[in-house]
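Residues 23 to 200 in the working numbering are what the sequence shown spells out, letter by letter. Glycine residues also receive a C-beta, built at the ideal position from the N, C-alpha and C atoms.
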Amino acid sequence: MTQPEEQEEKVEAASVDAEATEDTEPVEAAEAVEESTGEDQVAELTDDLKRVTAEYANYRRRSTRERQAAVDAARVSVVASLLPIVDDLVLAKQHGDLEEGPLKAFAEKLHSTLDSLGVTAFGEAGEAFDPEVHEAVQDGSSGDEKVLGTVLRQGYRLGEKTIRNAMVMVADPESAEE
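Here is the structure:
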């Protein structure tokens with residue numbers, strides 16, 4: 023072979039190599055794009071999974087809180103509807119009608135049930151007056167220091183929630199002690 027022929031073969035071989043390189047570069051580039059797209063999809067789906075999991079956890083907590091609030095509201099409603107009966111039983115006890123008999127047993131059972139629910143009475147004569155929980159129907163005090171004089175109707179709490187304020191007559195500390 024002559025030199026020009028050898029050069030032509032080298033040029034042809036180089037062009038074949040160049041064509042082969044050009045053909046593989048787009049394939050490699052496409053594979054790299056597919057790999058990065060696949061990684062992006064995995065990252066995106068992972069983020070979606072985390073978001074949905076967090077939303078579900080928040081939903082469960084919120085529904086549990088709402089369910090407990092509904093139970094508490096129902097409990098308060100039932101106890102509030104029983105308070106007039108409790109008031110009548112307190113008056114019957116003050117008049118001596120609960121000394122013996124079936125009414126005494128009923129009153130004891132009702133009071134023990136309310137105690138087991140966490141219902142507590144408040145508003146005793148001599149306590150300091152608190153306008154947040156006491157309803158004053160008469161103010162017979164003359165100073166800044168006020169106490170409960172006569173309790174007309176006791177107040178009740180269920181846990182920390184006040185169900186009904188105590189109806190009281192306010193007096194001075196000295197007159198309440200008498």
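_Best match in 136, 191 and 69 for proximity to residue 161 [C-alpha to C-alpha]_ = 191
*Beta-carbon proximity list for residue 172, same chain, < 6 angstroms, skipping 5 on both sides*: 191
*In its own chain, which residues sit with a C-beta less than 7 angstroms from the C-beta of residue 98, not counting the 5 before and 5 after it?*
180, 183 and 185
*According to DSSP, is residue 160 helix, strand or coil?*
strand
_Residue range of the unbroken beta strand (DSSP E) whose run includes residue 168_ = Here residue 168 belongs to no beta strand (DSSP E), and DSSP marks it neither H nor E.
_Does residue 101 pass the burial test, meaning 16 or more other C-beta atoms within 10 Å, or should it be called exposed?_
buried
*Can you tell me which of the three DSSP states residue 140 falls into?*
coil
*Residue from 194, 165 and 146 with nearest C-alpha to residue 174*: 146
*asked:* Buried or exposed, going by whether 16 or more other CB atoms sit within 10 Å of the CB of residue 81?
replied: exposed
*Compute the Euclidean distance between the alpha carbons of residue 74 and residue 67, then round it to the nearest angstrom.*
Computed Cα separation, rounded: 10 angstroms.
*CB contact flag (residue 144, residue 177, <7 angstroms)*: yes
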